[in-house]
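Undergrad:
There are 2 protein chains.
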Amino acid sequence: MEELKVTPWEVSGELNEASYSKLVKKFGVELITSKLLERIEKIAKGKLHPFLSKKIFFAHRDLNLILDDYENGKSFYLYTGRGPSGKMHIGHLLPFTFTKWLQDTFDVHLLIQITDDEKYLIKSTRTKKEIEHVAEENILDILSLGFDPKKTHIIKDYDNAKELYYYATDVAKHTTMSTIKAVFGVTDSDNIGKVFFPSMQIVPSFLLSAISGKNLRCLIPYAIDQDPYFRISRDVLPKLGYYKPSSIISKFLPALQGNSGKMSSSVEESAIFLDDSEQTVKKKLMKYAFSGGRDTLEEQRKYGANPDIDFSFNVYSFIENDERKVQSVYDDYKSGKLLSGEMKALAADSINLFLNQLRQNREKVKNHLSEYMFNPNDFVGHRM
Amino acid sequence: MEELKVTPWEVSGELNEASYSKLVKKFGVELITSKLLERIEKIAKGKLHPFLSKKIFFAHRDLNLILDDYENGKSFYLYTGRGPSGKMHIGHLLPFTFTKWLQDTFDVHLLIQITDDEKYLIKSTRTKKEIEHVAEENILDILSLGFDPKKTHIIKDYDNAKELYYYATDVAKHTTMSTIKAVFGVTDSDNIGKVFFPSMQIVPSFLLSAISGKNLRCLIPYAIDQDPYFRISRDVLPKLGYYKPSSIISKFLPALQGNSGKMSSSVEESAIFLDDSEQTVKKKLMKYAFSGGRDTLEEQRKYGANPDIDFSFNVYSFIENDERKVQSVYDDYKSGKLLSGEMKALAADSINLFLNQLRQNREKVKNHLSEYMFNPNDFVGHRM
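Chains as they are written, first to last, in this note's numbering: chain A, 21 to 404; chain B, 21 to 404.
(1) Excluding the 5 residues flanking A/G401 on each side, which residues of the same chain have their C-beta closer than 8 Å to its C-beta?
(2) For a contact meaning CB atoms closer than 9 Å, what does B/S219 contact in chain A?
(3) By how many angstroms is the C-alpha of A/K45 removed from the C-alpha of A/T125?
(4) Looking only at its own chain, which residues have a Cβ that is under 6 Å from the Cβ of B/M21, when we skip the five neighbours before and after it?
(5) For B/H153, count neighbouring Cβ atoms within 10 angstroms of its own Cβ and tell me buried if that reaches 16, exposed if not.
(6) Might you give, ordered along the chain, the residues of its own chain that have their beta carbon closer than 8 Å to the beta carbon of B/L165, omitting 5 neighbours on each side?
(7) Which runs of the alpha helix (DSSP H) fall wholly inside the segment 182–253 of chain B and span at least 4 residues, in chain order?
(8) Looking at the structure shown, is A/Y262 part of a helix, part of a strand, or coil, going by DSSP?
(9) What three-state label does DSSP hand A/K176 in the structure shown?
(10) Checking 8 Å against the spacing of the C-beta atoms, do A/K271 and A/I76 come in under that value?
(11) Would a check of beta-carbon distances place B/M197 closer than 8 Å to chain A?
(12) Figure out for me which residue from A/V191, A/I132, A/L141, A/K182 has the closest Cα to the Cα of A/I163.
(13) Give the DSSP bridge partners of B/L467, in chain order.
(14) For A/N211, count neighbouring C-beta atoms within 10 Å of its own C-beta (all shown protein chains included) and say buried if the count is 16 or more, exposed if not.
(15) Can you name the start and end residues of the alpha helix (DSSP H) that A/I371 belongs to?
(16) Counting contacts by CB-CB distance shorter than 8 Å, is A/S209 in contact with chain B?
(17) Could you give the distance in angstroms between the alpha-carbon of B/N92 and the alpha-carbon of B/L85?
(18) Using the DSSP secondary-structure output, state which residues sit across from B/I269 in a beta bridge.
(19) Among A/F399, A/P396, A/L389, which residue has its Cα nearest to the Cα of A/D407?
(20) In whole angstroms, what is the alpha-carbon distance linking B/T53 and B/I134?
(21) Just reading off the beta strand (DSSP E) that B/Y308 is part of, what are its end residues?
(22) Taking only heavy atoms of the ligand MN into account, decide whether any of them is closer than 7 Å to the Cβ of A/N92.
(23) According to DSSP, is B/H109 part of a helix, a strand, or is it coil?
(24) Alpha carbon to alpha carbon, how far is A/L358 from A/V349? Give it in angstroms, no decimals.
(25) I'd like to know whether the C-beta of B/D255 is nearer than 8 Å to at least one C-beta of chain A.
(26) Under three-state DSSP, which class holds A/M21?
(27) Which whole-angstrom value describes the C-beta separation of B/K94 and B/E157, a residue pair presumed to lie in contact below a C-beta threshold of 8 Å?
(28) Thinking just about the alpha-carbon of each residue, which of A/D369, A/R251, A/E391 is nearest to the one in A/R81?
(29) So, does the CB of B/K182 fall closer than 8 Å to a CB anywhere in chain A?
(30) If you reduce the DSSP assignment to three classes, tell me which class B/I142 lands in.
(31) Within 10 angstroms of the Cβ of B/G213, are there 16 or more other Cβ atoms? Answer buried if so, exposed if not.
(32) Taking just the CA atoms, how far does B/T172 sit from B/H129?
(33) Select from the segment 351–366 of chain B all residues with a C-beta closer than 9 Å to any C-beta belonging to chain A, and list them in chain order.
(34) Can you find the residues in the same chain that come closer than 8 Å, C-beta to C-beta, to B/K62, ignoring five residues on each side of it along the sequence?
(35) Show which residues of chain B have a CB atom less than 7 Å away from the CB atom of A/L141.
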């Protein structure tokens with residue numbers, strides 16, 4: 021069996037329920053209990069995001085403290101990010117739909133860090149200019165989900181280096197090379213930018229507290245490979261007088277070909293890109309999407325499909341807002357009434373509708389991009 | 021014999037002519053030849069700075085290429101710096117008088133980097149706010165020497181982190197942890213800010229080329245303990261398409277008590293601080309200054325003193341602009357005409373005159389400090 025390796029820069033090995041359990045244990049995170057889900061559901065007025073009910077977001081750290089604060093009328097903020105490594109596919113974007121749901125549900129500020137410096141420092145053959153271009157495209161893709169410009173703040177590491185570096189030295193001062201080696205597996209042959217970069221990624225987890233002078237909790241939604249950053253963060257932040265950040269942690273979204281591993285942008289067929297044409301989306305689903313259906317039409321009619329492992333059904337369920345529709349498709353597919361090809365066609369239509377909507381929003385966002393850019397002055401002196 | 025250790029963060033062991041020769045060999049720098057001095061003297065219209073004629077600045081890298089460029093009508097720029105570790109003494113300031121002489125002689129831009137981040141990251145128990153205060157005082161001290169505001173640009177690392185970090189990642193990308201360990205002697209128990217910091221210190225050696233788009237040589241005057249930074253710089257800059265920086269390298273200025281080691285701000289009596297009163301200056305010289313005179317009045321009259329190892333004479337010679345006066349004091353002291361106490365009194369008067377002048381300039385500079393602050397826009401698009 022291939023050894024499981026999960027760091028922010030490398031994910032290898034089979035990812036299945038057993039390996040996720042291993043990671044939970046290894047990283048020391050907690051599973052999201054039904055009690056926690058109930059608390060969230062109550063705040064969300066009965067409507068739980070499918071990423072929660074389907075346990076895509078399955079683990080956490082100190083999520084309860086965030087809910088405590090919220091229930092006691094104290095605010096918190098959200099922080100998430102994107103490494104601009106290339107064009108975005110649906111697997112990249114869907115976690116942002118969840119973050120948007122959190123923002124809308126709790127009505128809180130959100131920092132989105134674009135780590136252009138990381139992409140330059142680590143494993144990249146791209147020039148800074150090329151990375152800048154990717155970053156700008158990615159930002160438009162993310163914002164096309166309809167984030168609130170008043171409460172959503174894009175941090176581009178290079179553009180905001182003045183603020184980030186200032187606070188990154190606080191993190192760095194409390195983080196030894198040994199820690200970075202142990203947590204990230206870097207070695208002496210790695211470059212010193214890679215060594216320092218975790219300091220830059222940790223800053224947003226206390227930035228609004230540092231700038232505003234208000235000590236606020238921060239909730240960070242991320243995929244489990246990013247956990248090492250926030251383990252360091254939880255160690256360092258109390259030393260600086262801030263709360264440990266809380267987190268809500270997801271599995272990787274399945275690739276088109278199957279349920280394991282991340283959707284990968286390096287394998288063109290394993291992902292649906294945001295700029296794929298309607299025809300391409302249809303073709304990719306038909307040709308590559310892992311199906312939970314049976315091998316023959318007869319068996320499918322007789323035994324029904326397994327929607328839970330079916331790529332098309334899953335993506336459909338993440339995109340479709342009408343829960344009753346999703347439930348009825350689930351039932352039909354499971355009972356054998358709906359065939360695999362029909363499920364794929366349904367998903368393709370749904371994805372294409374979603375992508376078309378994004379493209380329209382994207383054009384609108386372009387014209388007021390500056391409103392979304394992080395400005396420290398917005399937070400100086402308790403203005404939150 | 022105590023082992024000689026010279027890094028930017030630690031100088032220990034006896035420093036004498038033999039150990040300087042060792043360092044020259046170990047660091048791979050070249051001695052400044054009389055031929056090079058002649059070239060400089062010609063450009064300086066016959067007036068060589070005493071730090072050159074007395075071989076305080078005694079070594080270099082590629083100084084000849086700087087002179088070639090200058091003689092061919094091509095500009096270069098100067099870069100030096102100060103770590104704001106505490107209040108400044110004369111031993112800190114005198115190298116800046118030499119840098120000013122270089123600037124005036126060659127009529128070139130000068131970057132002065134104030135490494136507030138370094139002082140926070142390394143060995144400091146001071147808060148950032150305290151370091152900021154020290155930095156501001158140090159900047160006023162330096163500028164009171166009368167630098168040209170149009171061609172002198174103060175870079176404070178935290179204030180200019182946007183520009184510095186952007187280019188520091190270029191340096192970092194080409195610098196491994198192994199290199200930093202080998203060159204600086206850092207270990208895995210050091211913090212990752214200390215590991216990354218050399219990238220920040222190297223940036224000014226190509227910053228004006230990077231911003232202006234003109235490839236300019238940079239000449240860096242520094243004391244020999246800073247050499248490790250620029251060895252890395254010489255390795256990395258060609259990979260980024262810039263010239264290797266040139267350097268002109270000094271010994272440490274003697275402490276009051278003797279000719280070896282650095283003037284130290286940690287031993288109050290070993291240095292004359294810029295805010296010492298006239299009485300304190302006099303007292304320190306009388307009580308602590310290492311003398312090249314004889315043990316008794318009779319011997320002094322008979323054999324004369326050795327001015328070359330006399331702290332008071334040396335400082336006097338660095339400060340007094342009238343070369344003939346210096347020569348006549350040298351002759352009188354050497355011949356026995358001038359006594360040790362008289363030499364000390366002469367030096368005290370000269371130092372106090374110098375310090376008073378600085379204090380007056382300091383008040384004037386305060387009012388237009390902003391003119392000296394580095395602004396990248398001054399250099400964008402060949403505006404040099």
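Where is the CB? At the ideal position from N, CA and C, for every residue including glycine.
TA: With the structure as the only source:
(1) Within the first sequence, residue 401 of chain A is the residue found at index 381, counting from 1. These residues qualify, in order along the chain: S232, G233.
(2) Here residue 219 of chain B refers to the residue found at position 199 of the second sequence. Ordered by position in chain A, the residues that pass the 9 Å Cβ test against B/S219 are I212, G213, F216.
(3) The sequence position of residue 125 of chain A within the first sequence is 105, counting from 1. The sequence position of residue 45 of chain A within the first sequence is 25, counting from 1. So the alpha carbons of these two residues sit roughly 30 Å apart.
(4) Sequence index remark: in the second sequence, residue 21 of chain B carries index 1 (1-based). In this prediction, B/M21 scores a pLDDT of 42, lower than 50, which makes its location untrustworthy; the coordinate-derived value is nonetheless stated afterwards. Nothing listed; no residue qualifies.
(5) If you number the second sequence from 1, residue 153 of chain B lands on position 133. Per the 10 Å Cβ criterion, exposed.
(6) In the second sequence, residue 165 of chain B corresponds to position 145, counting from 1. L113, F116, T117, K120, L378, N381.
(7) 197–204, 212–222, 224–232
(8) By 1-based counting over the first sequence, the position of residue 262 of chain A is 242. If DSSP states are grouped into helix, strand and coil, A/Y262 belongs with coil.
(9) Within the first sequence, the letter at position 156 stands for residue 176 of chain A. Note: A/K176 maps to strand in three-state DSSP.
(10) Counting from one through the first sequence, the residue named residue 271 of chain A turns up at place 251. Counting from one through the first sequence, the residue named residue 76 of chain A turns up at place 56. Contact: yes.
(11) For this step, residue 197 of chain B is matched to residue 177 along the second sequence. Yes, B/M197 lies at the interface with chain A (some Cβ there is under 8 Å from its Cβ).
(12) Taking the first residue of the first sequence as position 1, residue 163 of chain A is located at position 143. Residue identity differs from the one stated: residue 163 of chain A is Leu in this sequence, not Ile. The residue with the shortest Cα to Cα distance from A/L163 is A/I132.
(13) No statement about residue 467 of chain B is possible, as the shown extent of chain B runs from 21 to 404 and does not include it.
(14) On the first sequence, position 191 is the one that residue 211 of chain A refers to. So A/N211 ends up on the buried side.
(15) On the first sequence, position 351 is the one that residue 371 of chain A refers to. Looking at the DSSP string, the run of the alpha helix (DSSP H) that includes A/I371 is 360–386.
(16) Here residue 209 of chain A corresponds to residue number 189 of the first sequence, with the count starting at 1. A/S209 counts as touching chain B.
(17) The count along the second sequence starts at 1 and reaches residue 92 of chain B at position 72. The count along the second sequence starts at 1 and reaches residue 85 of chain B at position 65. Going from the Cα of B/N92 to the Cα of B/L85 covers about 10 Å.
(18) Counting from one through the second sequence, the residue named residue 269 of chain B turns up at place 249. According to DSSP, which records beta bridges pairwise, B/I269 is partnered with B/A79, B/Y242.
(19) In the structure as shown, chain A starts at 21 and stops at 404, and residue 407 of chain A therefore has no counterpart that could be examined.
(20) Residue mapping note: residue 53 of chain B aligns to position 33 of the second sequence, counting from 1. Residue mapping note: residue 134 of chain B aligns to position 114 of the second sequence, counting from 1. Looking at the two C-alpha atoms, the distance is approximately 31 Å.
(21) Counted from its first residue, the second sequence places residue 308 of chain B at position 288. Unbroken run through B/Y308 is the alpha helix (DSSP H), 298–308; no beta strand (DSSP E).
(22) This structure lacks the ligand MN, and indeed carries no ligand of any kind.
(23) Position 89 of the second sequence, counted from the start, is the residue given in the question as residue 109 of chain B. B/H109 falls in the strand class under three-state DSSP.
(24) In the first sequence, counting from the first residue as 1, residue 349 of chain A sits at position 329. In the first sequence, counting from the first residue as 1, residue 358 of chain A sits at position 338. For A/V349 and A/L358, the distance between alpha carbons rounds to 8 Å.
(25) As a working mapping, residue 255 of chain B is identified with position 235 in the second sequence. Not closer than 8 Å to any Cβ of chain A, the Cβ of B/D255 fails to qualify, so no.
(26) Counted from its first residue, the first sequence places residue 21 of chain A at position 1. Residue confidence for A/M21 is low, a pLDDT of 42 falling below 50, so the modelled location carries little weight and cannot support an answer.
(27) Here the question's residue 94 of chain B lines up with position 74 in the second sequence. Here the question's residue 157 of chain B lines up with position 137 in the second sequence. That belief does not hold up - the Cβ atoms of B/K94 and B/E157 are roughly 37 Å apart, past 8 Å.
(28) Along the first sequence, one-based indexing puts residue 81 of chain A at 61. Ranking A/D369, A/R251, A/E391 by Cα distance to A/R81 puts A/R251 first.
(29) The residue given as residue 182 of chain B occupies position 162 in the second sequence. B/K182 counts as touching chain A.
(30) The residue given as residue 142 of chain B occupies position 122 in the second sequence. If DSSP states are grouped into helix, strand and coil, B/I142 belongs with coil.
(31) Position 193 of the second sequence, counted from the start, is the residue given in the question as residue 213 of chain B. Looking at its Cβ environment, which holds 16 or more other Cβ atoms inside 10 Å, B/G213 is buried.
(32) Position 109 of the second sequence, counted from the start, is the residue given in the question as residue 129 of chain B. Position 152 of the second sequence, counted from the start, is the residue given in the question as residue 172 of chain B. In a straight line, the C-alpha of B/H129 is about 6 Å away from that of B/T172.
(33) none
(34) Mapped onto the second sequence, residue 62 of chain B falls at position 42. Closer than 8 Å at the Cβ level, and outside the excluded window around B/K62, lies no residue.
(35) Indexing the first sequence from 1 puts residue 141 of chain A at position 121. Under the 7 Å cutoff, chain B gives T189, A192, K193.
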